[in-house]
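Down below is the structure, laid out as structure tokens.
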Amino acid sequence: MALRKKNVISGNIGSLSTYHQLETAEAKVVFHWCVQQGLIASGYECPKCKQQMVLSRRSDIFDGFNWVCRVRGQNGHHIKRSIRAGSWFERSHLPIPTILKFLIYWCVNMKIKFILEQLNITSKTATDWASFCREVCQDILIWRSGKIGGPGIVVEIDESKFGKRKYNRGKRVIGRWVFGGVERGTNNCFFAVVENRTSEGLLSVIEEHILPGTTVMSDCWSSYQCLSDEGFVHLTVNHSMHFVYPDTGAHTQSIEGTWSAIKRGLNGTNHVKGQFDSYMAAYMWKRKNTTAESRMESLLDMIKEVYPPRSKDKRKLKKKKKGNKLN
1 MALRKKNVIS GNIGSLSTYH QLETAEAKVV FHWCVQQGLI ASGYECPKCK
51 QQMVLSRRSD IFDGFNWVCR VRGQNGHHIK RSIRAGSWFE RSHLPIPTIL
101 KFLIYWCVNM KIKFILEQLN ITSKTATDWA SFCREVCQDI LIWRSGKIGG
151 PGIVVEIDES KFGKRKYNRG KRVIGRWVFG GVERGTNNCF FAVVENRTSE
201 GLLSVIEEHI LPGTTVMSDC WSSYQCLSDE GFVHLTVNHS MHFVYPDTGA
251 HTQSIEGTWS AIKRGLNGTN HVKGQFDSYM AAYMWKRKNT TAESRMESLL
301 DMIKEVYPPR SKDKRKLKKK KKGNKLN
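First residue of the sequence shown? That's 1 in UniProt numbering, and the numbers climb one at a time after it.
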């Protein structure tokens, strides 16, 4: 017996049941839900006559509809456009509900094997979409980057090397140094790949990410000794003697625990060439958004910002005619 197509979607953005419903919903219901969420455009301008195109049913495509403008006569034309134009979905051949379901699975860190079985997609497709999600996190992190800390607020700083041991043994680690800071009592944090670990190099990163007047806690590495002269309250702990310094209560256990969590999350993935920064960005984003609902809502908001749906064709830039070169 065939499943009856749903014509109403109930539930919130962070609920898996919402996306189960979208999978069995009529195509027009999926379209209107995506329009309501701001993921696809509610209309499209005909590039020929500049009038609004009509939403036309198409039984031979996943989306079930596309935009059509048909005009007869002297200036007649028959133009079609996808409802996905300019959107996050534009270049994908997957059904929109499948993509949305992947997003929520990614948000809650579902195992890849489970995702492949549930969505009937290939490992490469899943890898590509996970990469797209991380890239959105990275783009937004760059656009919205702000400083953490402030007077009376404690930020723990530390650096760690990410990579693998050479020949899988010994102490030498081949990889990248990452400098980070964690604000105590909140989920605010920052991480930056650093090539220059001198006092000047690290101070530049600190001033970019931490507000003046912040109480900064670190180990006793000499590169941090300048912080007290740069507008920060600087407390240190000597790990060879104490985990928590008895006189000041200084410790860096929060940032050290964060390194462990990041490395567990990146296990088996941090070798991917050119994508390390996006993995770090995704970790920071998930740290700030801890529930399925907040993550999915935030992810859709970021997608709309990075991939705003288009309501008309992109303007084509005219190529300049090449003139004769002056000798």
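The beta-carbon is built from N, C-alpha and C at its ideal position, and this holds for glycine as well.
The model shown is predicted, which means the values in this text are computed figures rather than measured ones.
What residue does the alpha helix (DSSP H) around Leu300 start on, and which one ends it?
-> 292–306
6 Å Cβ shell around Ser298 - same chain, five flanking residues per side excluded = Asn289
DSSP on Asp158, reduced to helix/strand/coil?
-> strand
Quick one: residues in its chain with C-beta nearer than 7 Å to the C-beta of Trp88, no 5 flanking neighbours on either side, listed in chain order?
-> Leu39, Ile303, Tyr307
Along the alpha helix (DSSP H) that carries Phe31, what are the first and last residues, could you check?
-> 27–36
Answer yes if the region 275–283 comes into contact with the region 93–100, meaning at least three C-beta pairs across the two stretches below 8 Å, and no otherwise.
-> no
Taking Val182 and Cys189 to be in contact with their CB atoms under 8 Å, please state how far apart those CB atoms are, rounded to whole angstroms.
-> 5 Å
Roughly how many whole angstroms lie between the Cα atoms of Thr127 and Lys48?
-> 39 Å
Apart from the five residues just before and just after Arg58, which ones in its own chain have a Cβ nearer than 7 Å to its Cβ?
-> Gly64, Phe65, Asn66
Close-in-space but distant-in-sequence residues of the same chain around Phe31 (CB under 8 Å, 5 per side omitted) = Ile40, Leu55, Asp63, Gly64, Phe65, Ile83
Kindly indicate which three-state DSSP category Leu55 falls into: helix, strand or coil?
-> strand
Between which two residues does the beta strand (DSSP E) carrying Met217 extend?
-> 215–218
Coil, strand or helix - Thr98 by DSSP | helix
Own chain partners of Arg81 with C-beta closer than 6 Å, once the 5 adjacent residues on each side are dropped | Tyr44, Trp67
Alpha-carbon spacing of Ile9 relative to Ala192, whole angstroms = 41 Å
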